[in-house]
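Protein chains in written order, with the working numbering: chain A, 10 to 123; chain B, 8 to 121.
Note that beta-carbon positions come from the ideal geometry of N, C-alpha and C, so glycine has one too.
For clarity, every value in this text was computed on a predicted model and none was experimentally measured.
So this is what it looks like as structure tokens:
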């Protein structure tokens, strides 16, 4: 069965520093997609970044990059130059093959301090 | 700007009541989803729909039903609310046609069943 694991319930980082949020996944399908979402305290889920299993390059979106290591089945989110507004819950998710269904991890709460 | 709206941000109901949670999207998306979010469990899929009048069970459909009479609207129904259905409910939609097929989320409904 497909599964997403986020082992860090909480992380702290100082403003302007970089932080890595871990995500590992399990699937036997060769075709899949990996997503990261941010959920501020207001509750809405905000899409951050996507990585396809066949993408040759690691995805980047502004200060967000995805460290995709296919052999290790990991898809860690790297946030560079953290800002106070980055404090939120972060969810890793995987799309099941041939569907639009997402399987979510349990999330990591990131707190950025001055 | 893409938008998914949910009928209520906060809702308090009594055990045994019939509860309707409404979700509307204005993006002409084919796919719509209902999740519940609980601390430490992440987001879990309740039901999803790929087309009008079509529905499929997700991972935790027990105690819920759905209705999709129009493309833009997807309703979640709790036939007889119970205290263990106290949770945050998130609706999402996706086009099904883009490469990453990201899901766009509504602001969530925090339901309390007394």
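Compare the beta carbon distance of residue 70/A and residue 58/A with 7 Å and say whether it is the shorter of the two.
-> In this structure, residue 70/A lies near residue 58/A, with their beta-carbon atoms less than 7 Å apart.
Can you name the residues of chain B whose CB is closer than 8 Å to the CB of residue 69/A?
-> Correct list: empty, because the minimum Cβ distance to chain B is about 14 Å.
Does the beta-carbon of residue 87/B have 16 or more other beta-carbons within 10 angstroms, so that it is buried, or is it exposed?
-> exposed
So residue 93/A packs on residue 86/A, CB below 8 Å; how close in whole Å?
-> At roughly 18 Å, the Cβ-Cβ gap does not stay under 8 Å, so residue 93/A and residue 86/A are not in contact.
Same chain, Cβ closer than 7 Å to residue 106/A, five either side skipped, listed in chain order | 38, 40 and 41
CA nearest to the CA of residue 119/B, picked from 80/B, 93/B and 103/B = It is 93/B.
Take residue 84/A as the anchor and find which of 22/A, 109/A and 113/A has the nearest alpha-carbon.
-> Residue 113/A is the option with its Cα nearest to residue 84/A.
Residue 20/A touches chain B at which residues, Cβ-Cβ below 9 Å?
-> In chain order: nothing, as chain B lies at least about 16 Å away.
Determine the burial state of residue 79/A: buried for a count of at least 16 other Cβ atoms within 10 Å of its Cβ, exposed for fewer.
-> exposed
Run through DSSP, which three-state label would residue 119/A get?
-> Three-state DSSP puts residue 119/A in a strand.
Would you say residue 29/B reaches chain A, if we count a Cβ-Cβ gap shorter than 7 Å as a contact?
-> no
Which listed residue (30/A, 11/A, 52/A and 18/A) has its alpha carbon closest to that of residue 89/A | Out of 30/A, 11/A, 52/A and 18/A, the CA that lies nearest to the CA of residue 89/A is found in 30/A.
For residue 82/B and residue 27/B, believed in contact at Cβ under 8 Å, the rounded distance | 6 Å
Among all the DSSP beta bridges, which residues are the ones paired with residue 80/B?
-> 31/B and 77/B
Cut-off 7 Å between Cβ atoms - residues of its own chain near residue 17/B, not counting five sequence neighbours on either side = 117
Does residue 53/A come within less than 7 Å of chain B when only Cβ atoms are used?
-> yes
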